[in-house]
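Student: This is the structure I want to talk about, given as structure tokens.
Chains as they are written, first to last, in the numbering used here: chain A, 1 to 234; chain B, 1 to 353.
Here's what the structure looks like:
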């Protein structure tokens, strides 16, 4: 059974139709990659899943329940974490406070915190520092760490490699591989090389429509298809 | 010393001065000023919970203050001066304030900040008109003068010596006035401490997260409207209690002392001068403004005397022009401390690490 299913989603922002027809299913486990060029509707798809934009018509099913139209905070509480493109850390709060916010009990599970420290050692070092003083890569780590500090069924990650140094991108990729052992990741990417390494299943979105979906292995092997749906922009 | 520690030390010194105020400054006016500072620290700090910690701009804070004051005053005036009516009136004021805050919050915290501000302004105006119009109940424009529990009467002797005379410590009579002052002090200190505890708790962190990025707070599972409404209710409850205490202290409640928009403007000025989002700033802002309101005239009188030989200066420093100088002080404060005194001092710490 698939974990998350988007069925003929259509989302408008004001008078602009951003998503015209988006349907895909994210199976449980592993990394699902949504590829697409700038402005194709990748971020809008994630925001629609989180309830930050309301799709109409169309439906979003998560673990068998229809979550279309639910309040963002309720969607989050059902076990979907969102790591937005701009990282969304609270700069005025310390790293520790940012992390506490992501736990709903106000307490850390020791084993999970230890795992976060192992994945992102920098966070342990800057634990009591305000989040604004972190570098871009560290902010991204904090944002991802916040998503995994509690048990989540699905993590939506929006272009995590954008603007990061190659070495950090590498580390981030390793972290995602490890995280995806226990949690499903829906990753939005423009960086095909990065996506290729991580993804098990994938879809390509263009101009608000899904133009291809399948397994990453098939897609990566088919240069003609890549040229056709991704064009030269990726 | 870091900016943050410095501000906290200053605020603790203010509280220490307030604790010993009846013994340090032995005249009637000083004790009035000290009591007013206590009450305004609480009132301004509770407003800071809204504007500084959650980014809610409300003009109804004075209304909740007034509800507490009028609740207590009406009970004391209409039922009698016992502890029962005092408790009943305070409780009624509190319940009405919280209920109205919940209603306004749930109905209108979803709308944009400017509309919310307008709604609170309208509510506060309606309440002021009601207080003036329902004169049989509230005393109208004239307000109400009433008696408080006997413990707080000036003639009450807390402690008498062998001759039946009231005992003095360091020349201060242990009478009902002193008891009333320490009631004001104790309630204010406890409320201020509770608010400090609240903002240091996980709830306080959520509030700061909401202020910083509402959508992100929603995205990690916090219901922003619920939190905002809760804070609005808590601030209203604290303001209402401050109002009740003020009503007992003054033994008079009227539109001028409990509901007027002048009070609202004072609260806003105190928050801005002290610095938003720190609570410590509220204490500094309230102390400075109340002191200026009471003593700037005297100070200018002394200054005018001192420069009486110099042309023009005595005219400029004429005590009647105190409001002009107060205004100049505000402009200078805002210029040199754009984030308020505490805000600017505490920010300095975080830049230098």
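Glycine included, C-beta positions come from ideal geometry on N, C-alpha and C.
What is the DSSP secondary structure of residue 139 of chain B, counted as helix, strand or coil?
Tutor: It is coil, neither helix nor strand.
Student: Work out the CA separation of residue 234 of chain B and residue 57 of chain B for me, nearest whole Å.
Tutor: Spanning the two alpha carbons is a distance of roughly 15 Å.
Student: In whole angstroms, give me the CA-to-CA distance for residue 295 of chain B and residue 321 of chain B.
Tutor: Spanning the two alpha carbons is a distance of roughly 13 Å.
Student: Would a check of beta-carbon distances place residue 351 of chain B closer than 7 Å to chain A?
Tutor: Interpretation of residue 351 of chain B is limited by its pLDDT of 47, a score under 50 that renders its predicted location unreliable; no figure is taken from the coordinates.
Student: Count the other C-beta atoms from every protein chain shown that fall within 10 angstroms of the C-beta of residue 13 of chain B, then say buried if there are 16 or more, exposed otherwise.
Tutor: Its Cβ having fewer than 16 others within 10 Å, residue 13 of chain B is exposed.
Student: Would you say residue 223 of chain B faces chain A, with C-beta separation under 7 Å as the test?
Tutor: Answer yes: the Cβ-Cβ gap between residue 223 of chain B and chain A drops below 7 Å somewhere.
Student: Under three-state DSSP, which class holds residue 320 of chain B?
Tutor: Three-state result, residue 320 of chain B: helix.
Student: Would residue 97 of chain A pass as an interface residue toward chain B - the criterion being a Cβ-Cβ separation below 7 Å?
Tutor: Closer than 7 Å: yes.
Student: With 16 as the cutoff for other CB atoms within 10 Å, does residue 141 of chain B come out buried or exposed?
Tutor: Result: exposed.
Student: Three-state secondary structure (DSSP) at residue 188 of chain A?
Tutor: If DSSP states are grouped into helix, strand and coil, residue 188 of chain A belongs with the strands.
Student: With distance defined between alpha-carbon atoms, name the residue in B/150, B/272, B/300 nearest to residue 179 of chain B.
Tutor: Out of B/150, B/272, B/300, B/150 has the C-alpha closest to the C-alpha of residue 179 of chain B.
Student: Could you tell me whether the Cβ of residue 16 of chain A comes closer than 7 Å to any Cβ of chain B?
Tutor: False, the Cβ-Cβ gap to chain B never drops below 7 Å.
Student: Give the range of the alpha helix (DSSP H) segment to which residue 74 of chain B is assigned.
Tutor: Looking at the DSSP string, the run of the alpha helix (DSSP H) that includes residue 74 of chain B is 61-78.
Student: Report all residues from its chain with a CB closer than 7 Å to the CB of residue 348 of chain B; omit the five preceding and five following residues, and keep chain order.
Tutor: Once the five neighbours on either side are set aside, the close Cβ partners of residue 348 of chain B are 3.
Student: Rounding to the nearest angstrom, what Cα-Cα distance links residue 256 of chain A and residue 230 of chain B in this structure?
Tutor: Nothing about residue 256 of chain A can be read from this structure; chain A reaches only from 1 to 234.
Student: How about residue 218 of chain B: is its C-beta nearer than 7 Å to some C-beta of chain A?
Tutor: So yes, residue 218 of chain B belongs to the interface.
Student: Could you tell me which uninterrupted alpha helix (DSSP H) segments, each at least 4 residues in length, are contained entirely in the region 105-149 of chain A, listed from first to last along the chain?
Tutor: Taking only runs of at least 4 residues, the alpha helix (DSSP H) segments lying wholly in the region 105-149 of chain A are 110-119, 121-125, 136-148.
Student: Any contact of the region 150-169 of chain B with the region 123-142 of chain B, i.e. 3+ C-beta pairs under 8 Å?
Tutor: No contact exists between the region 150-169 of chain B and the region 123-142 of chain B.
Student: Taking 8 Å as the limit between beta carbons, can you name the residues of its chain near residue 330 of chain B, skipping five residues before and five after?
Tutor: Result list for residue 330 of chain B: 269, 273, in chain order.
Student: Of the choices B/112, B/344, B/279, B/79, whose alpha-carbon is the least far from that of residue 200 of chain B?
Tutor: With distances taken between Cα atoms, residue 200 of chain B lies closest to B/279.
Student: My assumption, with CB atoms under 8 Å, is that residue 188 of chain A sits in contact with residue 170 of chain A. Please give the rounded CB distance.
Tutor: Incorrect: roughly 19 Å between the Cβ atoms, too far for contact.
Student: Is it buried or exposed for residue 163 of chain A, if we count other Cβ within 10 angstroms and need 16 for buried?
Tutor: It counts as exposed.
Student: In the DSSP assignment, what residue or residues form a beta bridge with residue 154 of chain A?
Tutor: Answer is A/80, A/184, bridged to residue 154 of chain A.
Student: Just the C-alpha distance for residue 287 of chain B and residue 293 of chain B, rounded to the nearest angstrom, thanks.
Tutor: Rounded to whole angstroms, residue 287 of chain B to residue 293 of chain B spans 10 Å at the Cα level.
Student: Determine the chain B residues that contact residue 108 of chain A at a beta-carbon separation under 7 Å, and present them in chain order.
Tutor: What residue 108 of chain A touches in chain B: nothing, since even the nearest Cβ is about 12 Å away.
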